[in-house]
Amino acid sequence: MEAPLMHLALVGTPNSGKTSLFNALTGSRQKVANYPGVTVERKEGFFVTPAGRQVSLVDLPGTYSLRGRSPDEEITRDFVLGKAKGEILPDLVLCVADSTNLRLTIRLLLELKATGRPLALVLNMFDIAKRRGVTVDVPKLSAALGVPVVTSIAVRKGGTAELLSLTDEIAAQVQAAPGQNLWRPLSASELRATQREADRIIASSVSLPKRPDTWTARIDSLVLHPVAGLVILLAILFVMFQAVFAWAQPLMELLSSGFDTAGQFVHDTLPSGLLQSFLQNGVISGVGSVIVFLPQIIIIFLFILLLEDFGYMARAAFLMDRIMGGAGLHGRAFIPLLSSFACAIPGIMATRVIDNRRDRLTTILIAPLMTCSARIPVYTLIISAFIPPRDIWGWVNLQGLVMFGLYATGITSALGMSFLVKFLMWRDYQPAPFMLELPDYKMPRLRSIAIGIYTRAKMFLQRAGTTIFAMMVLIWFLASFPQPPAGAEEPAINYSLAAVIGKAIAPLLAPVGFNWQIAVALIPGMAAREVAVAALGTVYAIEGGKEAAEQIGQVLTTKWSLATALSLLVWYIFAPQCASTLAVIRRETGSWKWMALTFAYMLALAYAASFATYNIALALGAG
Amino acid sequence: MTDLPDLRQQLPLGLAPRGYSGTIHRLAAGQAQSTLPSDELESRLIELGFVEGARVEILHEGIVARDPIAVRVDNVTVAIRRREAMAIIVA
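So, in structure tokens, the structure goes:
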């Protein structure tokens, strides 16, 4: 008879290494979804114990207590208390502690005991603690706390063996009736009492390191230096954006020529006609032109995950707090905003760590102005077609510099927008408190990073296979039907629905220098911004034949003026059209008003900025 | 011990310079001009380890108005603004 699935939950303070333990236990057998009703990410993974028991493990958001002051902390509380909708009460709650820093976790554990759930304490990162001279009398600690205690080294092979055998032991025990839930929110004096109790237990069974981690102290004396720290932060961002442009190039060329070969193969094997055109222009060149950007998306996530794992993100928030405060933003907004460079959706979801509603709304409002990775395809295409790959000052690539400029403009306008919001809507703005633990630095774990990148890449490819594919089919259809009448002289696309739609919108976009082909491409860009590139490819491919499909960049140089190209680049800094971002804003803010406001202000900014760019460029002779 | 007068002068951590080190004497959440109600501020400070008797040291400060500050609380480092640190009375 197969034993029923056992349910485990990971609870712990932020930075206790919960996620690396989760990755170590479950590997790639993870699924990421949202909790019902809220957009807090719910990570569930599966593993099998040595005794062969199937276990489901849920990684809960980090928290210092069960009070639930922000949406993600509420999730942790409701899950542990069994209040979460559609969730099963965990059979065992694993309280994860950073062994070098037990105070806050032991206090949390004492609070968790009141919930009556079976509990165990996992002393994670035990190797680091040992190296720093921390000794723990595990049996004594376990006796004092009244719960089983195991040590673990999530990052080492076999480092979770003790935890696995404990899971089996607990699973084998006769199901004792779960204890009564006696938890209620603690008052300040009760919190103080539990902290005292925790300190007493620690003093009796743990010897703490005499001095702080010297490496962290040394790195911080540089990284948190008021001036040098900011210079380092800027340098990191600059390297990150140069890398996105330069390192990804060889891989992208490889992917691109692969899709070209596939397209050519289809062209050569199939008889010419609708099916050939559909496969070559619609499917292969359309979806291919988006998948080509996978290396760049991987690089940007690589940087973000590395910085997060290393422990730098909290430092960046510390450095930026007062600077962003000048623009009406909270220091904690830095991490969501930086994530928005990958994609505004996880960025907006990450704002849930901001507990003040006004701070959170402002951050959500400006997050889409951070240049997300979906804009990279558009930027890359236009920059490589119109900006010469010269080196200036000997070492800076001009294309990279333009790219940096586009990012910088996005950031500047985001800060300006936030300042404006604060000025117009919340004049009585009082800064919410900024309190954040600065964790000790840790060597990033390759395996953990790899799993993180794999999850993101999979999501991107799934999107390419579904949303983007569907849009490409639609574009191909619009660009191919109705077929031109017999004996038509103009290119086939001029008779199509796409041309009808594009030409209808074109007058609205003429003042910013867009032709009807761009108008056609902007519509499917609503589903996903990067589709615009593929759509341009399809439109020009069907218009110009095979050569156009292979060299879309070169075709653009002959079809567009520099002024139009620059105008489109600037449009994309603001580019309001991303249906999924708007949907997430609607969900996260719980209001249509905020969604409409975001769309309207971004559209207005895009139109105004493109209008100015186009006309200035024309005046300077770039027409 | 408690009968002896404090030899060191008490001051709010929010006014202490970089490099200051001392011990938390008490929390006075009502004295900080925080946007949080004082109960809530007190609870959050305790959750981050700011309890009476804990050793604190100001390790770093930000570029604007020497704010926020990075404080070592026993063996944890916490970033906090001076405004909220006014609630921590040290000696």
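For the record, the sequence lines run as chains L and C.
If you count by our numbering, then the first sequence holds residues 5 to 627, one letter each, in order.
If you count by our numbering, then the second sequence holds residues 161 to 251, one letter each, in order.
Here a beta-carbon is modelled for each residue, glycine too, at the ideal position from N, C-alpha and C.
Between residue i and the rest of its own chain, which residues show a CB-CB distance below 8 angstroms, the 5 nearest in sequence each way excluded?
| i | result |
| --- | --- |
| residue 204 (chain C) | 196 |
| residue 278 (chain L) | 484 |
| residue 212 (chain C) | 184, 185, 186, 187 |
| residue 357 (chain L) | 74, 76, 336, 339, 340 |
| residue 228 (chain C) | 221, 222, 239, 240, 241, 242 |
| residue 33 (chain L) | 49, 50, 51 |
| residue 237 (chain C) | 219, 230, 231 |
| residue 150 (chain L) | 117 |
Just checking my contact of residue i with residue j at CB under 8 angstroms: how many whole Å lie between their CB atoms?
| i | j | result |
| --- | --- | --- |
| residue 144 (chain L) | residue 209 (chain L) | 4 angstroms |
| residue 371 (chain L) | residue 351 (chain L) | 5 angstroms |
| residue 345 (chain L) | residue 375 (chain L) | 6 angstroms |
| residue 118 (chain L) | residue 187 (chain L) | 4 angstroms |
| residue 291 (chain L) | residue 476 (chain L) | 6 angstroms |
| residue 198 (chain L) | residue 111 (chain L) | 5 angstroms |
| residue 159 (chain L) | residue 124 (chain L) | About 20 angstroms separates the two Cβ atoms, so there is no contact after all. |
| residue 114 (chain L) | residue 250 (chain L) | At roughly 52 angstroms, the Cβ-Cβ gap does not stay under 8 angstroms, so residue 114 (chain L) and residue 250 (chain L) are not in contact. |
| residue 183 (chain L) | residue 120 (chain L) | 3 angstroms |
| residue 255 (chain L) | residue 308 (chain L) | The Cβ separation is near 19 angstroms, so there is no contact. |
Which chain C residues sit within Cβ distance under 8 angstroms of residue i?
| i | result |
| --- | --- |
| residue 69 (chain L) | 203, 207 |
| residue 107 (chain L) | 209, 234, 235, 236 |
| residue 3 (chain L) | Look at the range of chain L in this structure, 5 to 627, and you will see that residue 3 (chain L) is not part of it. |
| residue 234 (chain L) | 223 |
| residue 228 (chain L) | 219, 220, 230 |
Tell me which same chain residues have a C-beta within less than 6 angstroms of the C-beta of residue i, skipping the five on either side of it?
| i | result |
| --- | --- |
| residue 550 (chain L) | Residue placement at residue 550 (chain L) is flagged as unreliable, the pLDDT there being 49, under the threshold of 50; the coordinate-derived value follows with that caveat. There are no such residues. |
| residue 129 (chain L) | 21, 102, 103 |
| residue 173 (chain C) | 245, 248, 250 |
| residue 156 (chain L) | 126, 128, 163, 164, 167 |
| residue 571 (chain L) | 516, 517, 614, 617, 618 |
| residue 360 (chain L) | 436 |
| residue 460 (chain L) | 305 |
| residue 179 (chain C) | none |
| residue 244 (chain L) | 307 |
| residue 1 (chain L) | Residue numbering for chain L in the displayed model covers 5 to 627; residue 1 (chain L) lies beyond these limits and cannot be assessed. |
DSSP puts residue i in a beta bridge; with which residues?
| i | result |
| --- | --- |
| residue 172 (chain C) | C:249 |
| residue 270 (chain L) | Its beta-bridge partners do not exist; DSSP assigns none. |
| residue 439 (chain L) | C:240 |
| residue 220 (chain C) | C:230 |
| residue 396 (chain L) | L:400 |
| residue 101 (chain L) | L:127 |
| residue 34 (chain L) | L:49 |
| residue 10 (chain L) | L:59 |
| residue 182 (chain C) | C:216 |
Determine the chain C residues that contact residue i at a beta-carbon separation under 7 angstroms, and present them in chain order.
| i | result |
| --- | --- |
| residue 436 (chain L) | 195 |
| residue 626 (chain L) | None at all; the shortest Cβ gap to chain C is about 40 angstroms. |
| residue 192 (chain L) | 199, 202, 203, 206 |
| residue 212 (chain L) | 235 |
Determine the contact status of residue i and residue j, defining contact as a CB-CB distance below 8 angstroms.
| i | j | result |
| --- | --- | --- |
| residue 238 (chain L) | residue 410 (chain L) | no |
| residue 172 (chain L) | residue 55 (chain L) | yes |
| residue 377 (chain L) | residue 347 (chain L) | yes |
| residue 14 (chain L) | residue 25 (chain L) | yes |
| residue 299 (chain L) | residue 252 (chain L) | yes |
| residue 3 (chain L) | residue 30 (chain L) | Since the first residue of chain L shown is 5 and the last is 627, residue 3 (chain L) is not available in this structure. |
| residue 206 (chain C) | residue 176 (chain C) | no |
| residue 524 (chain L) | residue 502 (chain L) | yes |
| residue 315 (chain L) | residue 444 (chain L) | yes |
| residue 233 (chain C) | residue 201 (chain C) | no |
| residue 297 (chain L) | residue 380 (chain L) | yes |
| residue 585 (chain L) | residue 369 (chain L) | no |
| residue 97 (chain L) | residue 122 (chain L) | yes |
| residue 313 (chain L) | residue 446 (chain L) | yes |
Which chain C residues are close to residue i, counting only those with a beta carbon under 9 angstroms from its beta carbon?
| i | result |
| --- | --- |
| residue 224 (chain L) | 219, 220, 230, 237 |
| residue 240 (chain L) | What residue 240 (chain L) touches in chain C: nothing, since even the nearest Cβ is about 17 angstroms away. |
| residue 325 (chain L) | 222, 224, 227, 228, 239, 241 |
| residue 340 (chain L) | Neighbours of residue 340 (chain L) on chain C: none; closest Cβ ~17 angstroms, over 9 angstroms. |
| residue 185 (chain L) | The premise fails here: residue 185 (chain L) is roughly 21 angstroms from chain C at the closest Cβ pair, so nothing lies under 9 angstroms. |
| residue 231 (chain L) | 223 |
| residue 116 (chain L) | Under the 9 angstroms cutoff, chain C gives no residues; its nearest Cβ is about 14 angstroms from residue 116 (chain L). |
| residue 237 (chain L) | Ordered by position in chain C, no residue passes the 9 angstroms Cβ test against residue 237 (chain L), which lies about 11 angstroms from the chain. |
Name the chain L residues whose beta carbon is nearer than 8 angstroms to that of residue i?
| i | result |
| --- | --- |
| residue 211 (chain C) | 196, 199, 200, 203 |
Within a Cβ cutoff of 7 angstroms, which residues of the same chain sit near residue i, ignoring the five residues on either side of it in sequence?
| i | result |
| --- | --- |
| residue 317 (chain L) | 311, 339 |
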